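In the working numbering, the protein residues as written are 1 to 1071. Glycine included, each C-beta is placed from N, C-alpha and C at the ideal position. A quick note: this is a predicted structure, and the numbers were derived from the prediction, not measured.
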Amino acid sequence: MKRKRWTVLAIFAMVVALLPLSAAPAGAAGTPGLDITGVVDGPLTGGVPKMVEFRAINDIPDLSIYGFGSANNGGGSDGEEFTFPAVSVVAGEYVCVASEVPGFNSFFGFDPDFTSSTAFINGDDAIELFMDGGVIDVFGDINVDGTGEPWEYLDGWAHRIDGTGPDGSTFVLGNWTVSGPNALDGETTNATAGSPYPIGCDGPAGPVPAPDVTNTIYEIQYTTGDASPLAGQAVVTEGVVTAVFGNGVFIQDGTGPFSGLYLYNPSPIPVVGNVVRVQGVVEEYYGKTEIDGGTLWNMGPGTFPAPEVLATGDIADEQWESVFVRAESATVIDPDLGYGEWSVDDGSGPVRVDDLGSYGYVPYAGDPVTFVQGPLDYAFSNFKIEPRDDGDLFVDLSACGLRYTPIYDIQGSGEDSPVEYQTVWTEGVVTADFQESSELKGFFLQDAAGDGDVATSDGIFVYQKAAWGDVEVGQHLRFQAKVSEYYGLTELKYVSNLTVCGSGSVAPTEVDLPVAEDDREAYEGMLLTFPESLAVADSYNLSKYGEVILSAEGRLFVPTNQFAPSFDWYDSSDSDGVAEILEPRLLVLDDASNYWYPDPVPYIQPYGTLRWGDTTTDLTGVLTYTYGAYKLEPTEAVVFSEDNPRPGTPPGVGGVIKVGSFNLHNWWTTLGGRGARSETQLEKQGAKLVAAITGLGADVIGVQELENNGDTAVSALVDLLNVEEGAGTWDYIRDPDYPGGIEATNAIKVGIIYKPDVVSPVGDAEWSLDASFAEARPPLAQTFEFYGDEFTLVVNHFKSKGHYGDPLAEGDEDIGDGQGYYNATRVSQAHAVVEFVSALEDAGKPNVLAVGDLNVYPKEDPVVVLEADLENLLAGLPINDKYSYTYYGQAGELDYAFGNDAMQEYVRGAGIWHIDAAEPVGFNYYGASSLYAADPFRASDHDPVIVGVCELIPPKIYLSADPDVLFPANHKYVEVNVDVTVVDNYAQDVEWHLVSVVSNEPDNGRGDGNTVQDIVIIDDTTFLLRAERSGHGDGRIYTATYQATDSCGNTTVATVTITVPHGHGMCPRIR
């Protein structure tokens, strides 16, 4: 490996004369003398080192005829982006160009020869080598992204095979060895790498020694006229770098007049504070003395010259050109002279200030300038001070009452601040203090008076931790800060010179929802109050982010829960149609904290939960904007009213047995699938489901979202129930045969669990074999006997509304009317259920109850189909009760119970037990551990349905009277006692009573002794009867009538008779 001998191309004739006469031009007559030998995409942090390696084929006296460019991601040629400096190399030497030095040195052990951002390549980028502007070599295809290509070198390298190239503008893969992607992954140095890059270069041989100084800056600059006495001459001079503005550099030698000099585009660009020696030609550029394109040598750190403190009227003078000057105790005279220039005056005359540097101050007439400093530039016929950054000027506006930028001017009337990136002074009253690290790390400031413009906000968020300067609510503050847009939130940061001017107060602005999202920008940062009642619409993020979505104008329901599908609600040309209608009614209530999973979870006390439909009024706080939404950070305690309390028991539905329907929210015994991801989660899920199922009080339950793994999942659930309620309390219906196996239909299925002591299966279960369920959870039917009667349960789970990229059949597109995807499929499934019920009826199963999660809301097409043939048992529920699921704040009914005509006589009631949908999602089995309880609440994401079912067999009444014959007929009262025995096939809650006791003769008939009130009833089984009868008849008959009614309303009437015979020959009669 040869060592390089760099020779700087002479700019001056005397240096040219020293060049070796034997140096032959490499690649004479345009023959390429350089080629690409390698590329590296390194493994260190930031993907470094990134490097392109070249090799000199011949001696090259002037490398600057060559350059290279990168073609990124197959984007084609960007031309020559880096040109080599005018140095010489000899044949066989390698040249390495890297994107930076530290990473290259760390990996290869030495510095690269050159650095350039052009070398910032990735492993899918191509490289072009240019000579005199034409392409002479290439690595990779410039028009193809290298990802997945055979020449990809991501976290690896490629190296030219010796003896090949250059290849012109056509890439020849066979001339290269490619490591392949990730060959350098995990490596820290090339020397220890498993697949090291065969690097050819070994670092630069060192710079050419700096030439001796020929002239001082004073000698170059001193003049009694307008031009340098050395203009047009080659010089070597030296000075301390005082400022760098892009490719413009100011240097200075000592202090005093004529001590500064401007360098334009020197090589390399130096660092402020270093002493540099420059070699170049002195030029006058429109009146400014400079060296253009000089060569620099770094002579090490220097002593920065003290600024020349001058009166403003004395600064704009030739002697101070390029000298670092300073004006003090001045005032801004003209804040806008054009092109970023402004002027200050200390009373001696104005001087211009320019904006070549980067500083945040925006000049205003009359501002007190404590100082402004920088090198004195001359351009466009004017001298001007060039501050380098914020440290080169100080405008003291810290005194209260001085000029400041009001908050409403900072906010402006648009989404972004009109003064973004500027550093401003402002004032306002602190309305909310959330400076702690556990909070928002800042406070809210508001202009107490405001500007009266409804389009501009009077408040703003200030990013300022307490450790950086604590503030208090009510303080009137003044400070300087930089205006920033932080992901859509206009805020102030980098607070300095904070002064407490006094105290103040801001009355909250009343806001009545709805307010459109775009109109909320005008309230951003302000203290607001919402006097209206706001209902909890969505608590999905309560346990994770401490957020609750509230809605004005009452609870939010899915439109098709109450109204027919319509494009008025859902604009098919805008997928956010409903959002545009409902969003103005919504408000996100935050907890003034950036922490995830807050502990304790806010807003759930004192009730232990916060449910959909609970309300709050007079909500007060400041409005912020984070994560794409406006949010209210409360400044007063938030009190919720328990308007939708937890129901401790299911709704009363009557009946002698109860039938339920319950979506189990993916009860999977296989961990890591759709359900629990650990044994602990599975135990928690099981405990909640057991609490919900036992609390429901049903005797038969159709369940949905069982893992489709044979009997494993359903039997595991039944086992848990039997542990809780006793062995044998619960059982499940075994899956009947299904063509091809039920496991082939879907990852989840439906099932039936039941209490064998209450109901008994009759015959075999059966699946619906309709094609619409072939890949979507077929319905399951089973007939049960209970108390001498029978009914058949059909469990359903229709296709969901979501679309995850699978092909759509005709009619299954979301057409924007609110019914979502797969409506046609669900309509087909509804027809199939109707046909399935009809087939069951034809098979001698007249009483059919169909339940399940249909994934449709009540006014959608599939429900219309079902209601044409079946009775919707939940149709009569009040609107606020008509939901079983919530989604993005909107509630609706997805879970149903339908009965055929014959079943109507058996049903006594139906309802929904709201234990899940209204609850925060964090209460479920995988939510925050502090919220978990083994109770029924949020056991699932669907509420269970409950139906009360009765049998139709009436009770039997057995009667006997003692005595049943009254004799002799002596006109006296006789006490009669009736023994009543009632027998029912369902031995609970049978009521009976005496209806009447009557006589077949008048109370005071002819020949009966002239008495009245022959019947006196003591109670239902005891009464007094007069022992008399007409002397002209066959005898008197008293008849006692009884009625018995069981809990299902089945009624029986029976009678018993007591006779007063005309003579001893009559017998009692019982009817």
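| Asked | Found |
| --- | --- |
| Could you tell me the alpha carbon to alpha carbon distance between G302 and T223, rounded to whole angstroms? | 27 Å |
| So if DSSP puts K441 in a beta bridge, which residue, or which two residues, is it bridged to? | Answer is none; K441 lacks a bridge partner. |
| Would you be able to state if there are at least three C-beta pairs under 8 Å between the stretch 152-170 and the stretch 92-99? | no |
| For G76, which residues of its own chain have a beta-carbon under 8 Å away from its beta-carbon, when the five flanking residues on both sides are left out? | I142, N143 |
| For M299, which three-state DSSP category applies? | strand |
| Here's a check: name, in chain order, each residue in its chain whose Cβ is nearer than 7 Å to the Cβ of S572, leaving out the five neighbours to either side. | Confidence at S572 is low in this model, with a pLDDT of 40, below 50, so its placement is unreliable and no value can be given for it. |
| For the stretch 604-624 against the stretch 653-662, are there 3 or more C-beta pairs whose distance is under 8 Å? | no |
| Taking the straight line between their C-alpha atoms, what separation do you get for A1027 and T1039? | 14 Å |
| Identify the residues that DSSP records as bridge partners of M903: which are they? | Note: M903 sits in no beta bridge, so no partner. |
| Whole-angstrom Cβ separation of Y595 and Y787, contact assumed at under 8 Å? | Not really, about 57 Å apart at Cβ, beyond 8 Å. |
| Taking the DSSP output, what are the residues bridged to K755? | Per DSSP, none; premise fails for K755. |
| So, at 7 Å on beta carbons, what are the nonlocal neighbours of Y888 in its own chain, with the 5 sequence-adjacent residues on each side left out? | D538 |
| Can you give the Cα-Cα distance for A481 and E524, rounded to whole angstroms? | 18 Å |
| DSSP state of S572, grouped into three classes? | Its pLDDT being 40, under 50, S572 is placed unreliably by the model, and nothing is read from it. |
| Contact defined as beta carbons within less than 8 Å: I believe V980 pairs with I957. What is the distance between those atoms, to the nearest angstrom? | 7 Å |
| So L1109 is in the beta strand (DSSP E); what residue range does that whole segment cover? | Residue 1109 falls outside the range modelled here, since the chain spans only 1 to 1071, and no answer is possible. |
| Helix, strand or coil: how does DSSP classify F791 here? | strand |
| Identify, in the order they occur along the chain, each residue of the same chain with its Cβ nearer than 7 Å to the Cβ of S503, setting aside the five sequence neighbours on each side. | G474, Q475, H476 |
| Could you check where the alpha helix (DSSP H) with L720 kicks off and where it finishes? | 712-725 |
| Expressed to the nearest angstrom, what Euclidean distance is found between the alpha-carbon atoms of L735 and A552? | In the sequence on display, residue 735 carries Asp and not Leu. Straight-line Cα distance between these residues: approximately 48 Å. |
| Checking 9 Å against the spacing of the C-beta atoms, do I748 and L780 come in under that value? | no |
| Quick one: using the 10 Å Cβ neighbour count with 16 as the cut-off for buried, is K972 buried or exposed? | exposed |
| Within the same chain, show all residues whose beta-carbon is closer than 7 Å to that of K845, passing over the 5 residues directly before and after it, in chain order. | T783, T792 |
| Assuming F1073 and V97 form a contact by the criterion Cβ under 8 Å, report the distance between their Cβ atoms to the nearest whole angstrom. | Since the displayed the chain opens at 1 and closes at 1071, residue 1073 lies outside it and no answer follows. |
| Hey, how far is the Cα of P1061 from the Cα of F967? | 7 Å |
| In the DSSP output, what is S641 paired with across the bridge? | T615 |
| Alpha carbon to alpha carbon, how far is G42 from G194? Give it in angstroms, no decimals. | 14 Å |
| When the distance is taken between beta carbons, is S496 closer than 9 Å to T490? | no |
| Residues in its own chain within less than 6 Å of E636 by CB, not counting five upstream and five downstream? | T620 |
| Per DSSP, what are the beta-bridge partners of C96 in this structure? | E53 |
| Can you give me the Cβ contacts of G349 inside the same chain, cut-off strictly under 7 Å, excluding the 5 residues immediately before and after it? | T312, G313 |
| Hey, could you find the ends of the beta strand (DSSP E) F371 is sitting in? | 368-379 |
| Between the Cα of P955 and the Cα atoms of S99, T1045, V795, which residue gives the shortest distance? | T1045 |
| For the candidate residues I127, G103, I220, G741, whose alpha-carbon lies nearest to that of N73? | I127 |
| Do I36 and F68 come within 9 Å of each other at the CB atom, strictly closer than that value? | yes |
| So, for K859: in the same chain, excluding its five sequence neighbours on each side, which residues have a beta-carbon less than 8 Å away from its beta-carbon? | T560, N561, Q562, F563, A564, P565 |
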